[in-house]
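Please read the structure below before turning to the comments.
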Amino acid sequence: MLDGVLSLILQKSCPLCDRSTSTYLCASCRKRLDRDQFSDPTQFWKQRIFAWGNYTDTLKRTIAALKYERHPELGRLLGEELGRSWLKARLHPGKLTVIPIPMHLEKQQQRGYNQAELISRAFCQITGDAHQPKGLQRIRATEALFGLSPQAREQTLTQAFAIGKGATQNRPVLLIDDIYTTGATARAAIQVLHRHQIRVLGIAVVAKPSFEPRS
Numbered sequence: 713m714l715d716g717v718l719s720l721i722l723q724k725s726c727p728l729c730d731r732s733t734s735t736y737l738c739a740s741c742r743k744r745l746d747r748d749q750f751s752d753p754t755q756f757w758k759q760r761i762f763a764w765g766n767y768t769d770t771l772k773r774t775i776a777a778l779k780y781e782r783h784p785e786l787g788r789l790l791g792e793e794l795g796r797s798w799l800k801a802r803l804h805p806g807k808l809t810v811i812p813i814p815m816h817l818e819k820q821q822q823r824g825y826n827q828a829e830l831i832s833r834a835f836c837q838i839t840g841d842a843h844q845p846k847g848l849q850r851i852r853a854t855e856a857l858f859g860l861s862p863q864a865r866e867q868t869l870t871q872a873f874a875i876g877k878g879a880t881q882n883r884p885v886l887l888i889d890d891i892y893t894t895g896a897t898a899r900a901a902i903q904v905l906h907r908h909q910i911r912v913l914g915i916a917v918v919a920k921p922s923f924e925p926r927s
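Converting from the sequence shown to our numbering requires adding 712 to each position, the first position being numbered 1.
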């Protein structure tokens, strides 16, 4: 009887469908999320992109709930999944410095957290890599990139980032973000690190469209 009472107390609503659940997602939504996982997350590694899943359907909905509906716990779920996939792929035998793509302070205060930092923290708890959430700073607020052409994105992100604390030349850096689309954000961040002679291994993301965006 006590177990039943405790189970009821621990129940919460699934952030995607409002069904009762004691885990991050209900069993049904979790099953649908797993369908969006790439069978080969290294398929884009020639471009130095490691992607857990296809940016569509339930994965897209999960990221939206994380970013816009105040469900930071989903950052932990996605970061853990990304970390486990990274370890399984064995792309780099040594230790890394993991840096999340930063948000501008004003935007982060509005949202309450940086989703990339939540993902990267959980990622490092799985992999054991060094987490440097302040390794990069976003020093310029930029307009929303959604809907902009690749050229407009590049222009918008010019001088948006600066080196922060904890980024050193001792270990290669793995960047972490929630979504990879045109790559403009990643390229802008990598340029800053390269200017400080910091090697960047690549970027690991939760989601990437399976198709290449039109230029």
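No residue lacks a Cβ here, since even glycine has one placed at the ideal position from N, Cα and C.
These numbers were taken from a predicted model, which means no experiment stands behind them.
According to DSSP, H843 shares a beta bridge with V810. Burial is judged here by how many other beta carbons sit within 10 angstroms of a residue's own beta carbon; A739 has fewer than 16 and is exposed. Distance from the CA atom of R796 to the CA atom of F873, rounded to whole angstroms, is 29 angstroms.
Between the stretch 811 to 823 and the stretch 835 to 854 there are three or more inter-stretch CB-CB distances shorter than 8 angstroms, so the stretches are counted as touching. DSSP places G895 in the coil class of the three-state scheme, outside both helix and strand. Distances from the CA of T870 to each of Y892, D890 and A901 were compared; the closest alpha carbon is that of A901. If you draw a 10 Å sphere on the C-beta of E793, you find 16 or more other C-beta atoms in it, and that means buried.
In the three-state scheme derived from DSSP, where H, G and I count as helix and E and B as strand, T868 is classed as helix. Ranked by Cα distance from L728, the first of R760, F762 and A777 is A777.
G878 and Q909 have their C-alpha atoms roughly 14 angstroms apart. Pairwise C-beta distances place the stretch 796 to 811 in contact with the stretch 875 to 889, as three or more of them are shorter than 8 angstroms.
Sorting Q827, K807 and G806 by C-alpha distance to the C-alpha of H816 places Q827 at the top.
Here the alpha carbon of K724 sits roughly 44 angstroms from the alpha carbon of Q881. Runs of the beta strand (DSSP E) lying entirely within the stretch 743 to 778, each at least 3 residues long, are 761 to 766 in chain order.
Annotation: H906 to V912 spans about 8 angstroms, alpha carbon to alpha carbon. Annotated as distal: L803 and A919, with beta-carbon spacing of 7 angstroms or more. In summary, E829 is buried, with 16 or more beta-carbon neighbours lying within 10 Å of its beta-carbon over all protein chains present.
Judged by DSSP secondary structure, R850 falls within the beta strand (DSSP E) whose first and last residues are L848 to R850.
Taking the Cα of I915 as reference, the smallest distance to any Cα among P921, H783, D748 and T897 is reached at T897. Secondary structure at G787: helix, using DSSP grouped into helix, strand and coil.
In this model, D752 and Y825 are separated by some 30 angstroms (Cα to Cα). Assigned with DSSP and collapsed to three states, H906 falls in helix.
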